[in-house]
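Residue 86 is where the sequence shown starts when you use the numbering used here, and the numbers rise one by one after that.
The beta carbon of each residue, even a glycine, is placed where N, CA and C say it ideally should be.
On a predicted model such as this, the values are computed, not experimentally measured, just so you know.
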Amino acid sequence: MKQRLIFLGPPGAGKGTQSEIIAKENNLLHLSTGDLLRAEVKAGSVLGKEVEKIMNSGELVSDQLVLSIVEARLQSTDKGWLLDGFPRNVSQARSLEILLEKLQKPLEIVISIEVDDDYLIQRLLARGREDDNEDVIRNRLDVYKEKTEPLIDHYKSMGLLRSVSGNGEVRAIADRIKAVLS
Ligand code: AP5
Numbered sequence: 086m087k088q089r090l091i092f093l094g095p096p097g098a099g100k101g102t103q104s105e106i107i108a109k110e111n112n113l114l115h116l117s118t119g120d121l122l123r124a125e126v127k128a129g130s131v132l133g134k135e136v137e138k139i140m141n142s143g144e145l146v147s148d149q150l151v152l153s154i155v156e157a158r159l160q161s162t163d164k165g166w167l168l169d170g171f172p173r174n175v176s177q178a179r180s181l182e183i184l185l186e187k188l189q190k191p192l193e194i195v196i197s198i199e200v201d202d203d204y205l206i207q208r209l210l211a212r213g214r215e216d217d218n219e220d221v222i223r224n225r226l227d228v229y230k231e232k233t234e235p236l237i238d239h240y241k242s243m244g245l246l247r248s249v250s251g252n253g254e255v256r257a258i259a260d261r262i263k264a265v266l267s
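Structure (structure tokens):
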């Protein structure tokens, strides 16, 4: 079973849902930059207020901020890990590669979870998080296509990418992912 993985996919693909299942069943650290940033917003700090504005517009927060969050957690764990929502662009991916080289813990696999856009929008509107209104969802999808989707080719060229369909029942998708990880 792979121990160091990334879940890649557009907003609503099910990265968070699947990360929780796979991390729990395999005793991995689930590291969601979105959840960690939302915790910062909830804490009401000055930084949290800045982050909140950016998240509610659907844009990405600064590379430097998310990198410092990820770095601190990866440096302080002996467990395997699952990154959900990070990296989000090629610059973050390169920074992660430098960090993992320093830690001598190479990435083992990147799972790209694939779902059609129409279905993504329906799922997110049904959830209704603060950044789940139609205009912001469309911007999040545009940001994904422009900045995050190039990571598919990036990881393909490194021989690390595997694609899994994110359509259908949650449990059936988890079983598909587990088959790829084993
Ligand atoms: P983040 O929290 O990462 O949000 P996201 O990528 O937009 O992802 P979502 O949480 O919307 O979707 P998901 O794929 O996790 O799906 P989920 O399982 O939740 O990021 C939010 C913001 O934070 C960003 O816009 C940015 O501003 C900032 N940020 C985060 N990371 C950053 C980074 N690295 N750099 C810079 N900025 C960063 O499922 C969605 C819904 O669908 C749920 O209601 C779920 O119950 C439902 N669902 C899931 N699977 C199924 C299924 N199979 N069938 C039916 N419904 C399903």
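Inset, instruction - Examine the Cβ distances between the stretch 90-101 and the stretch 223-230 and report whether three or more of them are shorter than 8 Å. - result: Contact check between the stretch 90-101 and the stretch 223-230: three or more CB pairs, one atom from each, fall below 8 Å, which counts as touching.
Inset, instruction - Would you check whether the ligand AP5 has a heavy atom nearer than 7 Å to the C-beta of D202? - result: No, Cβ of D202 sits at least 7 Å from all heavy atoms of the ligand AP5.
Inset, instruction - Just tell me which of Y204, D260 and L152 has its CA closest to the CA of I106. - result: The shortest CA-to-CA distance from I106 to any of Y204, D260 and L152 is the one to D260.
Inset, instruction - To the nearest angstrom, report how far apart L205 and L184 are at their CA atoms. - result: Cα to Cα, L205 sits roughly 32 Å from L184.
Legend entry - Residue environment, D169, which counts as buried when at least 16 other CB atoms sit within 10 Å: Counting the other CB atoms within 10 Å of its CB gives D169 a total of 16 or more, which places it among the buried residues.
Legend entry - S197 to E135 span [Cα, whole Å]: Each residue's Cα considered, the two are about 30 Å apart.
Legend entry - N- and C-terminal bounds of the alpha helix (DSSP H) containing V249: Where V249 is concerned, there is no enclosing alpha helix (DSSP H), although the beta strand (DSSP E) it sits in stretches over L246 to S250.
Legend entry - DSSP-derived helix/strand/coil call for R214: Correct three-state label for R214: coil.
Legend entry - Those runs of the alpha helix (DSSP H) which lie wholly inside the stretch 124-152 and span at least 4 residues: Within the stretch 124-152, complete alpha helix (DSSP H) segments of at least 4 residues are found at 131-142, given in chain order.
Inset, instruction - Please list, in chain order, all residues of the same chain as E215 whose beta carbon is under 7 Å from its beta carbon, the five residues on each side excluded. - result: Excluding its 5 nearest sequence neighbours in each direction, E215 has C-beta neighbours in its own chain below 7 Å: N141, listed in chain order.
Inset, instruction - Determine, using beta-carbon pairs with one atom in the stretch 159-173 and one in the stretch 105-120, whether at least three such pairs fall under 8 Å. - result: Between the stretch 159-173 and the stretch 105-120, the count of C-beta pairs closer than 8 Å reaches three or more; the two stretches touch.
Inset, instruction - For V221, collect the residues of the same chain with a Cβ closer than 6 Å to its Cβ; drop the 5 residues on either side in sequence, then sort them by chain order. - result: Closer than 6 Å at the Cβ level, and outside the excluded window around V221, lie G143.
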